[in-house]
Structures are given as structure tokens and as C-alpha cells.
DNA sequence: CGTTCATCCTGAGAGC
DNA sequence: TGCTCTCAGGATGAAC
């Protein structure tokens, strides 16, 4: 779940409450939360203890904390993915443990703890060496997101046009552009008036460029409202929900009138998940699909 | 090579 | 009440 805006809300919370502090101990519960850290949870906890958090960074839906060791440079990071239901919470030490508490970080300053709570545990933590560009090597396959200086809007539009691939698949492919998930893909497609099953090769370069602009814009607006939360699962580090859900035009709006033309928003299954769209503003292509 | 699919989990809500 | 079924903001690796 959390898509770029929700992850960015969390990153900002980490920048405000965790950066500059030195980790004292890290408690990891169970083996699943550190499953991507091959040497195991005990090794991860050992590596983290005593390190100072130098920065909180993000690419797409991935977060990481740059870690300094004394005076040394930060050549490693704690890589974090929230999966579908992960939360990072800054809380007093005496706050009761959450039901799905998987990690607890304490700090040398004896201030508030950082906790990783994840109902479904699709998210997780791992140690990651960082490359020359400062990006963890384990996420080298994740493309820049629309807010990254390295993001190449026109290059993507040009390349996408050469392949007959459904446009929503491309939007959701984190190796093409990162940060966009099911909600913001549907919102961007609605704004652009494009059905997600249209082939990228059937769209013009300018149309693809505008679609990417819509994706960036809708995520900017969502960030301005603290992200999208339908329930208590998506919260900032202080446990507060965003309210962009009230501004959604397509996602989750089945049966409600389209804000542009009044036609009822429809839903269909695509890639084993839901897609919401306006049947009139976003006509389904006839040449492909079933 | 590129692309699809099942899978990892827990909980909420609908329908019976 | 309780059961079964469907669905949920994601990413990965195995299988084609």
C-alpha cells in the first residue's frame, strides 16, 4: 500500500524525529521482518547498534536510513519497505507494544523509540551497502520516481511508445517509474482520460508525457494532505492519518458519478487487482483484452 | 531475454 | 454467532 506520498510522509517524520540520533539497541521479533537480510536478524541488530542516523532517504516506495559509524563516511544504510501494511512509529518507551510489533529501535539519548509495526509483514528491514550514487545496491533495479532529479519524463515517454504493453502495467512497474501504486495509477489515468489497458504504443509521446505529469501532480496533492488513508493502517510516525481519500476521483469510487461527465465509475479486475475508471472518459480499447 | 502468476500474511466486511 | 469467501495502498522469484 503505501505509495510514494504515504512513504514520503513517513520519511519526513523520520527526518524530524530520528536523523541525528544514535541507535542504542535494536530488537527484532521473529525472523520474517529481516527475511531479506540473509545473515539473519541477530546480525542485523548487531550491525545497527551504535550507528548514528545521518539521513532519511527515499526512492519510490523504498526508504532508507544512512548510517554513520563514528567519523566514518556513510557507506551503508538500513533499507526499509513498508509493504502493504507497514508502519514506522515514534513512541514513548512506556507505550504498550502493538500487536504486530516487529522491531523496536532505542536511542542513546533515551528519547522516544522508533517501532516497525506491520500487520501482514509484507514489509521488512535489511542492511544495504550504498553505491557511489548513494543508492542502496539492493534497489539498483528501482527506477527514479517523478520527483527525482534523475527522472527522465521525455525519455520514458519515447521508450514506452515503442512497445505494445498495457499502460497501467507500465505505470505499476517500479523498474520503469517508481512510487506509483494502484491508487495513483488509477487517479493519473482518470485525469489523463486513458484506460489502463490501452497499449502504450497506441498513445502519442505528448499524451504519455501528460500522463506522467498527472501522476506527479496527483501525488503532490496527496502529499499536501498527508497521503491517502482509508483506515488506521496508513499513518505518519505520530499515528495520524492523511485525508486525500476524500479527493479521490476514481479509485474506490465504483458506482459514483464521474466528476467530469457524471457517468458512473466502473470497476474491473486487472492484474489480479481492482481498476477503477470512467467508462465514458476512459473508453476501454476494443483491439485488446477480453 | 521479457512477461505473467502465485505467494507471502492478517483482518475486515459481506453473505449465508 | 459463526462459517466461508473476497478483498486490501506491494514486490519477488519461479515458471512460461
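In our numbering, the protein residues as written are 1 to 290. Cβ coordinates follow ideal geometry from the N, Cα and C atoms, glycine included.
Take the alpha-carbon of residue 134 and the one of residue 12: they are about 18 Å apart.
If one requires a minimum length of 3 residues, no beta strand (DSSP E) run lies completely within the region 133 to 174. Boundaries of the beta strand (DSSP E) around residue 90: 86 to 91.
In its chain, beyond the 5 residues on either side, 221, 222, 225 have a beta carbon closer than 8 Å to the beta carbon of residue 247.
Note on residue 243: under 16 other CB atoms within 10 angstroms of its CB, so exposed under the neighbour-count rule. In the DSSP assignment, residue 124 falls within the unbroken beta strand (DSSP E) covering 124 to 129.
In the three-state reduction of the DSSP assignment, residue 186 falls in the helix class, which pools H, G and I. The alpha-carbon of residue 152 is positioned some 32 Å away from that of residue 18. The count of Cβ pairs closer than 8 Å, one atom from the region 258 to 277 and one from the region 186 to 200, reaches three, so the stretches are in contact.
Around the beta carbon of residue 281, a 10 Å sphere encloses 16 or more other beta carbons of the protein chains shown; the residue is thus reported as buried. Cβ neighbours of residue 279 within its own chain (closer than 7 Å, five residues either side excluded): 263, 266.
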